[in-house]
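Written below as structure tokens is the structure these notes are about.
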Amino acid sequence: MTSILKRGFGSKAAAKQNILAFVICVALGFVALQIPFTHIIGTTRSFTLFDLLAPAMGALWGMTVGLASVLFINLFNLVMTGDYSTGALIRLVPVLFGVYYFARRSRASAWVGIVCMVLFIAHPVGRQAWMYSLYWLIPLFTQLLGRKNAALSALGATFTQHAVGGVAFLYAYSFTPAYWKALIPVVAGERLVLAIGITVSYVVLQSVVSALKLRVPGFQKARSFLGMNS
Numbered sequence: 610m611t612s613i614l615k616r617g618f619g620s621k622a623a624a625k626q627n628i629l630a631f632v633i634c635v636a637l638g639f640v641a642l643q644i645p646f647t648h649i650i651g652t653t654r655s656f657t658l659f660d661l662l663a664p665a666m667g668a669l670w671g672m673t674v675g676l677a678s679v680l681f682i683n684l685f686n687l688v689m690t691g692d693y694s695t696g697a698l699i700r701l702v703p704v705l706f707g708v709y710y711f712a713r714r715s716r717a718s719a720w721v722g723i724v725c726m727v728l729f730i731a732h733p734v735g736r737q738a739w740m741y742s743l744y745w746l747i748p749l750f751t752q753l754l755g756r757k758n759a760a761l762s763a764l765g766a767t768f769t770q771h772a773v774g775g776v777a778f779l780y781a782y783s784f785t786p787a788y789w790k791a792l793i794p795v796v797a798g799e800r801l802v803l804a805i806g807i808t809v810s811y812v813v814l815q816s817v818v819s820a821l822k823l824r825v826p827g828f829q830k831a832r833s834f835l836g837m838n839s
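Numbering-wise, this note's numbering puts 719 at position 110 of the sequence shown, and it's gapless, one number per residue.
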């Protein structure tokens, strides 16, 4: 973890300057992970405020440090709660792909949704509810239309998380085709709210970094992403 931080923060001076901010960010992430945001229908799980914060952390700290910090927060939470159930383990993965999409902002990251569509339709149950997976074309479209737009990228990131999580839950649980079809209208509103939350989290974190004059790896990219460069 230390070597990853050094590579992610760059010079030794920059690392020393920002290590406290990084620790604070991780602490905030852990707290956000404890605050339920909305219930995941059909399960005992909930989305948390961390689902809004994680992609923003990845974009500001850079993909390597961002992914490492998000994974660390989730693993630490597993150890602290002692919850190693299937649902808890599945929840580790989608957010990492959301961070990857939002931080990377490359066309390669947009293809995650397409791969998930193939896996979903390949499943006997998913094949009967194939229309549900059409949502996962959105990351490809948002990547083509708005690679430098924070709101569109947030929308792509949350649907990337949705794609990975959807496939994982499909293969892990015995949900019926009717269950997936019933979720179609629910997903639209849910993901729009999550995308807005990711965008707001990103703007707030960027503003805090700017106010404290911290030199985090993704700061200048963040300013460009939000159209703040002169």
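All residues carry an ideal CB built from backbone N, CA and C; glycine is no exception.
By how many angstroms is the C-alpha of residue j removed from the C-alpha of residue i?
{"i": "His732", "j": "Ala772", "result": "14 Å"}
{"i": "Leu669", "j": "Gly707", "result": "14 Å"}
{"i": "Ala763", "j": "Phe750", "result": "12 Å"}
{"i": "Gln770", "j": "Leu803", "result": "11 Å"}
{"i": "Val647", "j": "Thr653", "result": "It is worth fixing the name first, because residue 647 is Thr in this sequence and not Val. Answer to the nearest angstrom: the Cα atoms are 11 Å apart."}
{"i": "Arg736", "j": "Leu746", "result": "16 Å"}
{"i": "Tyr780", "j": "Val818", "result": "40 Å"}
{"i": "Ala738", "j": "Val813", "result": "38 Å"}
{"i": "Val586", "j": "Gly774", "result": "The question about residue 586 has no answer, for the chain in this structure spans 610 to 839."}
{"i": "Ile723", "j": "Pro748", "result": "9 Å"}
{"i": "Tyr741", "j": "Cys725", "result": "11 Å"}
{"i": "Phe631", "j": "Leu701", "result": "20 Å"}
{"i": "Ser816", "j": "Leu801", "result": "23 Å"}
{"i": "Phe729", "j": "Gln752", "result": "21 Å"}
Going by Cα to Cα distance, which pick from the options is closest to residue i?
{"i": "Ile807", "options": "Gly774, Gly638, Ala759, Thr695", "result": "Ala759"}
{"i": "Phe778", "options": "Met740, Phe659, Ala697, Leu743", "result": "Ala697"}
{"i": "Arg713", "options": "Asn686, Leu746, Ala665", "result": "Ala665"}
{"i": "Leu642", "options": "Tyr788, Val704, Met672", "result": "Val704"}
{"i": "Glu799", "options": "Phe639, Leu661, Phe631, Val640", "result": "Leu661"}
{"i": "Thr657", "options": "Thr673, Leu754, Phe711, Thr767", "result": "Thr767"}
{"i": "Val640", "options": "Val674, Gly671, Ile682", "result": "Ile682"}
{"i": "Lys757", "options": "Leu684, Ser816, Phe711", "result": "Phe711"}
{"i": "Ser810", "options": "Gly667, Thr673, Phe631, Leu687", "result": "Gly667"}
{"i": "Tyr782", "options": "Val727, Leu728, Val734", "result": "Val734"}
Applying the criterion that 16 or more other CB atoms from any shown protein chain within 10 Å of the CB defines a buried residue, is residue i buried or exposed?
{"i": "Ala820", "result": "exposed"}
{"i": "Tyr693", "result": "exposed"}
{"i": "Ala797", "result": "exposed"}
{"i": "Ser839", "result": "Low local confidence applies: a pLDDT of 39 at Ser839 is under 50, so the model's placement there is unreliable, with the coordinate-based value given in what follows. So Ser839 ends up on the exposed side."}
{"i": "Ile628", "result": "exposed"}
{"i": "Ile644", "result": "exposed"}
{"i": "Gly691", "result": "exposed"}
{"i": "Thr695", "result": "exposed"}
{"i": "Val776", "result": "buried"}
{"i": "Phe743", "result": "The question names Phe, but residue 743 is Leu in the sequence shown. The residue is exposed, with fewer than 16 neighbouring Cβ atoms inside 10 Å."}
{"i": "Ala787", "result": "exposed"}
{"i": "Val721", "result": "buried"}
{"i": "Leu761", "result": "buried"}
{"i": "Met672", "result": "buried"}
{"i": "Val688", "result": "exposed"}
{"i": "Val727", "result": "exposed"}
For the alpha helix (DSSP H) holding residue i, just list the boundary residues, first then last.
{"i": "Ser655", "result": "Not the alpha helix (DSSP H): Ser655 falls in the beta strand (DSSP E), residues 655 to 657."}
{"i": "His732", "result": "First-last for His732: undefined, no H or E at that position."}
{"i": "Ala759", "result": "759 to 781"}
{"i": "Phe750", "result": "747 to 754"}
{"i": "Arg713", "result": "701 to 713"}
{"i": "Phe685", "result": "672 to 690"}
Could you check where the beta strand (DSSP E) with residue i kicks off and where it finishes?
{"i": "Thr647", "result": "645 to 648"}
Is the segment 627 to 641 close to the segment 664 to 678, with three or more CB pairs under 8 Å? These segments touch.
Indicate whether the contact test is met: 3 or more Cβ pairs, each with one atom in the segment 785 to 797 and one in the segment 714 to 723, closer than 8 Å. no
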